[in-house]
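Asker:
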Amino acid sequence: MQGDPEVIEFLNEQLTAELTAINQYFLHAKLQDHKGWTKLAKYTRAESFDEMRHAEVLTDRILLLDGLPNYQRLFHVRVGQSVTEMFQADREVELEAIDRLRRGIEVMRAKHDITSANVFEAILADEEHHIDYLETQLDLIEKLGESLYLSTVIEQTQPDPSGPGSL
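Read in the numbering used here, the sequence shown has 291 at position 95, and its numbers run on one by one without any break.
(1) Could you check how far apart the C-beta atoms of T255 and L211 are, in whole angstroms? I think they sit under 8 Å.
(2) Kindly give me the distance between the Cβ atoms of I204 and H250, rounded to whole angstroms, as I take these residues to be in contact under 8 Å.
(3) Which residues in the same chain as A213 place their Cβ atom closer than 8 Å to its Cβ, once the five residues preceding and following it in sequence are excluded?
(4) Just checking, does the stretch 332–350 make contact with the stretch 266–281 on the three C-beta pairs under 8 Å criterion?
(5) Between the C-alpha atoms of V413 and I350, what's the straight-line distance to the nearest angstrom?
(6) T216 and V273 look like a contact to me (Cβ under 8 Å); what is the Cβ gap, rounded to whole Å?
(7) Return yes when the Cβ of R257 is within less than 8 Å of the Cβ of V315, no when it is not.
(8) Report the three-state DSSP secondary structure of Y267 (helix, strand or coil).
(9) Would a C-beta distance cut-off of 8 Å place H224 and D286 closer than the cut-off?
(10) What is the DSSP secondary structure of V273, counted as helix, strand or coil?
(11) Mind checking which residues open and close the alpha helix (DSSP H) that includes K339?
(12) Would you call the CB atoms of E243 and H308 closer than 8 Å?
(13) What do you reckon, are the CB atoms on E247 and Y221 nearer than 8 Å?
(14) Looking only at its own chain, which residues have a Cβ that is under 7 Å from the Cβ of A313, when we skip the five neighbours before and after it?
(15) For R299 and I337, I'd like the C-alpha separation in whole angstroms.
(16) Cβ of L261 within 7 Å of any heavy atom in the ligand HEM?
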């Protein structure tokens with residue numbers, strides 16, 4: 197089915213954003229895990245996987261419209277060093293996505309591609325949820341301070357009794 201070139205370009209632009217977000221969130225999850233912020237790392241890793249699902253849906257839609265998904269392009273990955281910087285960087289990605297998705301929905305509806313608009317609306321709902329989470333975490337950091345906040349995202353684990361040296 198031949199799709200509108202402008203719609204396909206919006207789909208590809210959002211695909212680029214999702215591929216970038218996958219990398220950024222996955223790297224942040226690894227950094228968080230490395231720093232011992234294991235609860236936070238699990239959440240951030242799950243967000244990376246959510247972005248992967250978005251990329252899959254966008255890829256399928258582009259292919260259905262006889263377009264070529266562009267996996268060669270990425271936006272700039274923003275890497276935070278502190279938890280605050282990570283949340284701020286991730287918030288920037290989400291704000292940009294929300295703006296792009298809203299613009300895309302308008303174009304898609306104007307071109308009567310309701311299915312693509314529905315895909316963007318579903319992704320938009322997920323991104324709005326994620327930005328709400330990020331803003332809540334940033335508010336908590338502002339109220340509690342970064343050190344106290346971090347004490348809430350550490351998960352202590354017991355050593356595995358069947359670990360090294362056991363039979």
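The beta-carbon is built from N, C-alpha and C at its ideal position, and this holds for glycine as well. Computed from a prediction, not measured in an experiment: that's the story for all the values here.
Answerer: Here's the rundown:
(1) 7 Å
(2) Not really, about 16 Å apart at Cβ, beyond 8 Å.
(3) F271, V289, E292, A293 and R296
(4) yes
(5) Since the displayed the chain opens at 197 and closes at 363, residue 413 lies outside it and no answer follows.
(6) 6 Å
(7) yes
(8) coil
(9) yes
(10) coil
(11) I310 to L340
(12) no
(13) yes
(14) I301, M304 and R305
(15) 32 Å
(16) As far as ligands go, the structure on display features none, and thus does not contain the ligand HEM.
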